[in-house]
Amino acid sequence: MVRKVTSNSNTDKSTLDVIFVYLIGIFMLIIPFYRGLFFRINYIPAIIIVSALYVVYTVYKLRSKTFNPLDTYMDIAVLLIPIAYLMSFFFAANMKDAFDMFLIYCSYFMLYKLTSDLLEKNEKNKDILINVIIVSTFILSFTAMLNIAGIVELKGVFPGKRLFGLYQYANTTASVLGVGIILTLNKLMSEASVKKVAIYQMILTSLISSFIFTLSRGGYLVLALVLLFNVIFVSARAKLKFMLTLFISFLSSASLIYKYYMLAEEVMSGIWVHYLISIITCAVIIYIIYLLKDKLIIKVSDKVINTALVSLVIILVGIVAFLFSARGPIEYKIEHTASEEQSWKNKNITLYELEPATSYIIEFNIKSSVESKNGYRVLIRSYNSENKRTDIFEHTGLIGLKTEKKNFEFTTPDDSEWIRVHFYNYESDSYTVYKNVIFKDSNNNVVKEMNRLKYIPVAIADRLSDISLETRGASSRINFTKDGLKIIGDYPIIGAGGGAWKNLYRQYQSIPYNTTEVHNFYVQYGTEVGIIGLTALIGLILLMIISMVKSIKAKSSYLYVYLAVMLLLLHSTIDFNLSLVAVGYILWLLIGVINSEKNTPSIGKGKIVYLRVLSLGLVLIVFFMSYSIYYGMKLGTQGARASHSKEDSERVIEFYEKATTFDRYNGAYRIDLAQIMNNQLRKTKEKKYLDRMEEQIFLIRRYEPNNHQYTPVICSLYLSTGKYEEASNMAEERLQNEPMLAQSYALKIDVNYEIASYYVQENKIKEAVPYLEKILTANEEFEKVNAGLKTPLKLEEEYLKKVEAVQRTLDMILADIKQ
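Shown next, in the form of structure tokens:
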């Protein structure tokens, strides 16, 4: 009887474990559709779900003697990261963002621990979750193809023939697809069933084509590097299968990729057929190979296989070298459809090679489908260091179907930094083709020939040939990283809390730019949690390396999971993939899979029961805190709706006050509440509304002191209540914190102009003088900043007029005072 009870008990536990695995799987499949959980309204509910799962799992495991919340040193390393975020919260640049990041990393730990515990000594559960990630990446690819074909409509998935996907950003989508490619490729290699192999091969083909459509240069490089590691770590026979599998998918998707870049956007619906052909083709090839394999059993030694592989690599290198050396002229085809009206539609090319104050010749061949006096038009513009343009050549001419060669001379101005050449088509239902475009100097030497890789689509060729530290994207990332390191230098120990970069970067930026992400996870993470947090992360990475070495020695069948993690971590050195919580969940789930192998040192058991109860209590706190925030967000939405529908003010106030109670660090409700209090003050003249308005402003400044999106409204509130000095100081503080933003100078001018105007109207001239002087100071600071910038900031004309008027007024006042 006892044995039967034990058997039933074990069966029940196994069933419950599978249920938890499937619940995690469903969660992982759903989250990409919520914009990759990038926004607060999306990731807070996800934290609630993960917390609830962990609470239920912990309660279920309380009676089990095997469950330990901290079982390995990897568990401790992962737990130390949310602890580091909690420490930095108390000194954060923005308490709302810092608390959110603490909750996010708590949920990462919970998902990691759930995965690790559920998969320990359970190969079936491990395969389920790995397949879930594969299916998730396939859905990402499949929905993109549905969107291209016009079958489903998803905003922002495929703008400008580049795949941005469900994760909103092309590079992030590339990193997730790269994970899918690594997992699918290795599952395919280890699978024996021909049906499953065919399915994996179809998925791999879909993922590879979608990955190429992202045009992510960093993604291409990182995936190539990880695939190189992958092929090194497998056996000789596996290497052959590895190369064959990739070759089949590339071969099958080649037609799809080529057609995609050849078809015009208005006929893109036909791409669906090519997509189906590509995935069916690879499945057919697999079936044929497996049929031949069963009929032709040939015994081949590892030495022969290695020789064949070396030969194959040499052939592939030769093919790649040929593809990247065979070049042909770029054909610029500009066309109007029958439904488009006549207009000067153009394509342009940009050149940085031409010297200023120099004569050049442009040559090209041209033809048009319609003979017209407006058959073609060429416009050349020069741009100086301030991006001011000058038209230096323009010609419109008659052309027909017969190809003609044209050449024109032009001279670059003295201040020319770069030029842009525009080629045009004008007539409706027509096209004009420009080809063999060459630029020569006055001695007839070729300076620039517009050609491209002949056998690779232009979009892909341009991205590949543009891999350089000199590109705008790369140089911008270098600037972000340098400025991020400055923040770490000022907050070295515990950082400036979650969201440190987006709240502080304008104080540190060396040139004007707008980005809430460093595009380097490690630098951004360092700004948030400092040396303490970085130490925990480095410790975790070292433990994963130790675990990986042990897996290599043990010839683990899950070595490829380490490679998928490697891909995400490497790609995050040049992009902000891990700022999307959905991508973070993928990473920490995979790290949980790694920890389930128990290749890192275990810690002593200790008092496990107390540890379980303590962990349950802490997770309940996280659950209720995240739910409180979510409820507060809902109340804030209700308040906004009530305000727009002009409901009773007291009811609107009630909604917002409740929202600030449940989501206390969020300034968005408080700024709305402050404005409502100001309106009530104007109506009733009751001091209580002034006090409540000032209280909300005080709390905004306390919780989000570096979030200057509220500063213009706060200045306006101060001005409306006669707190002129406070308004002027707020505008000054924004300028000091955001000196590379033209709006900062505009705000300082506006605020001080309004104050000075009031004093002048009240005939309080002496009181007006300090504020007039602040306006002139703002203009001086603006000019000083611009003097050091290659691309200067711009103020609207009205501000320049205000400055001139203030200068005249101040001169008159000072003249009167002297008299």
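All letters in the sequence shown, in the order written, are residues 165 to 983 by my numbering. Heads up, the beta-carbon is just placed ideally off N, CA and C, and yes, glycines get one too.
* **The alpha helix (DSSP H) enclosing I363, as first and last residue numbers** => Residue mapping note: residue 363 aligns to position 199 of the sequence shown, counting from 1. DSSP places I363 inside the alpha helix (DSSP H), whose first and last residues are 358-377.
* Are the region 242-251 and the region 188-198 in contact at 8 angstroms, needing three or more beta carbon pairs? -> no
* In whole angstroms, what separates the C-alpha of L562 from that of T369? -> Numbered from 1 along the sequence shown, position 398 holds the residue referred to as residue 562. Numbered from 1 along the sequence shown, position 205 holds the residue referred to as residue 369. Approximately 47 angstroms between the Cα atoms of the pair.
* If you drop the 5 nearest sequence neighbours on each side, which residues of the same chain put their C-beta closer than 6 angstroms to that of K986? -> Here the chain comprises residues numbered 165 to 983, so residue 986 is not present and cannot be evaluated.
* To do: With distances taken Cα to Cα, identify the nearest neighbour of R227 among Y774, L957, V949.
  => In the sequence shown, counting from the first residue as 1, residue 227 sits at position 63. Nearest option by C-alpha distance: Y774.
* **Proximity winner among I421, A447, V316, L275, relative to K359 (alpha-carbon distances)** => For this step, residue 359 is matched to residue 195 along the sequence shown. The option with the nearest alpha carbon to K359 is A447.
* From what residue to what residue does the alpha helix (DSSP H) around V687 run? -> The sequence position of residue 687 within the sequence shown is 523, counting from 1. Here the alpha helix (DSSP H) through V687 covers 685-717.
* Determine the direct distance from the alpha carbon of G320 to that of T635, and round the result to whole angstroms. => Taking the sequence shown and counting its residues from 1, one reaches residue 635 at position 471. Taking the sequence shown and counting its residues from 1, one reaches residue 320 at position 156. Model confidence at T635 stands at a pLDDT of 49, short of 50, so the residue's coordinates are unreliable and nothing is read from them.
* Spatial neighbours of Q688 in its chain, beta-carbon cut-off 6 angstroms, leaving aside the 5 residues before and after -> Walking along the sequence shown from the start, residue 688 turns up at place 524. Contacts found: W665, V682.
* Just checking my contact of G796 with N830 at CB under 8 angstroms: how many whole Å lie between their CB atoms? -> Taking the sequence shown and counting its residues from 1, one reaches residue 796 at position 632. Taking the sequence shown and counting its residues from 1, one reaches residue 830 at position 666. Confirmed, about 7 angstroms.
* To do: In angstroms with no decimal places, state the Cα-to-Cα distance between K509 and E573.
  => Counting from 1 along the sequence shown, the entry for residue 509 is found at position 345. Counting from 1 along the sequence shown, the entry for residue 573 is found at position 409. About 23 angstroms.
* To do: Could you check what DSSP says for H872 in three-state terms: helix, strand or coil?
  => The residue labelled residue 872 in the question sits at position 708 within the sequence shown. Of the three classes helix, strand and coil, the one that applies to H872 here is coil, per DSSP.
* Should the region 517-532 be called in touch with the region 578-597, which here means at least 3 C-beta pairs below 8 angstroms? -> yes
* Terminal residues of the continuous alpha helix (DSSP H) containing D605? -> For the purposes of this step, residue 605 is identified with residue 441 of the sequence shown, where counting begins at 1. Premise fails: D605 lies in the beta strand (DSSP E), 594-605, not in any alpha helix (DSSP H).
* Asked: How many Å lie between G661 and H808 at the Cα?
  -> Here the question's residue 661 lines up with position 497 in the sequence shown. Here the question's residue 808 lines up with position 644 in the sequence shown. In a straight line, the C-alpha of G661 is about 35 angstroms away from that of H808.
* To do: Tell me whether D579 sits in a helix, a strand or coil according to DSSP, three-state version.
  => The sequence position of residue 579 within the sequence shown is 415, counting from 1. Reduced to three states, the DSSP call for D579 is coil.
* Asked: Grouping DSSP H, G and I as helix and E and B as strand, with all else coil, what is L193?
  -> Translated into positions along the sequence shown, residue 193 becomes position 29. It is helical.
* Could you give the DSSP three-state label for T635: helix, strand or coil? => Along the sequence shown, read from residue 1 onward, the residue named residue 635 stands at position 471. Note that T635 scores 49 on pLDDT, short of 50, meaning its location in the model is unreliable and no value can be drawn from it.
* Asked: Based on the DSSP output, what are the partners of N529 in its beta bridges?
  -> One-based indexing of the sequence shown puts residue 529 at position 365. Its beta-bridge partners are K569, K599.
* **Cβ shell of N589 (< 7 angstroms), same chain only, five flanking positions each side left out** => Counting from 1 along the sequence shown, the entry for residue 589 is found at position 425. Closer than 7 angstroms at the Cβ level, and outside the excluded window around N589, lie I498, E499, H500, K509, Y595, T596.
* What do you get for R815, buried or exposed, if any count of 16 or more other CB atoms within 10 angstroms of its CB means buried? -> Taking the first residue of the sequence shown as position 1, residue 815 is located at position 651. Taking all protein chains shown into account, R815 has fewer than 16 neighbouring C-beta atoms within 10 Å of its C-beta and is therefore exposed.
* Asked: Would a check of beta-carbon distances place V729 closer than 7 angstroms to chain C?
  -> Absence of chain C from the displayed structure is noted, only one protein chain being present.
* Return the CA-CA distance between Y540 and T560, expressed in angstroms with no decimal places. => As a position in the sequence shown, residue 540 is number 376, starting the count at 1. As a position in the sequence shown, residue 560 is number 396, starting the count at 1. Roughly 6 angstroms separates the two Cα atoms.
* Among L854, E868, Q907, V786, which has the Cα closest to the Cα of L883? -> Counting from one through the sequence shown, the residue named residue 883 turns up at place 719. Comparing Cα-Cα distances from L883 to each of L854, E868, Q907, V786, the minimum goes to L854.
* Straight-line CA distance for I212 to A895? -> Residue 212 sits at position 48 when you count from the first residue of the sequence shown. Residue 895 sits at position 731 when you count from the first residue of the sequence shown. Cα to Cα, the separation comes out at about 39 angstroms.
* State yes or no: is the C-beta of P656 nearer than 6 angstroms to some heavy atom of the ligand HEM? => Because no ligand of any kind appears in the structure shown, any question about the ligand HEM cannot be addressed here.
* Rounded straight-line distance, which links the Cα of F231 to that of G756 -> Position 592 of the sequence shown, counted from the first residue, corresponds to residue 756. Position 67 of the sequence shown, counted from the first residue, corresponds to residue 231. Distance between the alpha carbons of G756 and F231: 15 angstroms.
* Bridge-paired residues (DSSP) for T514 -> Within the sequence shown, the letter at position 350 stands for residue 514. Paired residues: R584.
* Asked: Where does I658 sit, in a helix, a strand or coil, going by DSSP?
  -> Walking along the sequence shown from the start, residue 658 turns up at place 494. It is coil, neither helix nor strand.
* To do: Give me the Cβ distance between Y331 and V747, rounded to the nearest whole Å; I'm assuming they're in contact under 8 angstroms.
  => Here residue 331 refers to the residue found at position 167 when the sequence shown is read from its first residue. Here residue 747 refers to the residue found at position 583 when the sequence shown is read from its first residue. Between V747 and Y331 the Cβ distance is about 7 angstroms, and since that is below 8 angstroms, they are a contact.
* To do: Give me whichever residues DSSP pairs with S546 in a beta bridge.
  => Within the sequence shown, numbered from 1, the residue matching residue 546 stands at position 382. Paired residue(s): T554, I583.
* **Supposed close pair H872, R898 - CB separation, criterion 8 angstroms** => Within the sequence shown, numbered from 1, the residue matching residue 872 stands at position 708. Within the sequence shown, numbered from 1, the residue matching residue 898 stands at position 734. Right, the Cβ-Cβ distance comes to about 5 angstroms (below 8 angstroms), so this counts as a contact.
* Compare the beta carbon distance of I658 and G694 with 7 angstroms and say whether it is the shorter of the two. => Along the sequence shown, read from residue 1 onward, the residue named residue 658 stands at position 494. Along the sequence shown, read from residue 1 onward, the residue named residue 694 stands at position 530. The answer is yes: Cβ separation under 7 angstroms.
* To do: Apply the 10 Å Cβ neighbour rule to L701 and answer buried if 16 or more other Cβ atoms are within range, or exposed otherwise.
  => Locating residue 701 in the sequence shown gives position 537, counting from the first residue. Result: buried.
* Which class does E945 belong to by DSSP, given the choice of helix, strand or coil? -> For this step, residue 945 is matched to residue 781 along the sequence shown. Correct three-state label for E945: helix.
* Continuous beta strand (DSSP E) stretch holding G492: start and end -> Along the sequence shown, one-based indexing puts residue 492 at 328. Here the beta strand (DSSP E) through G492 covers 491-493.
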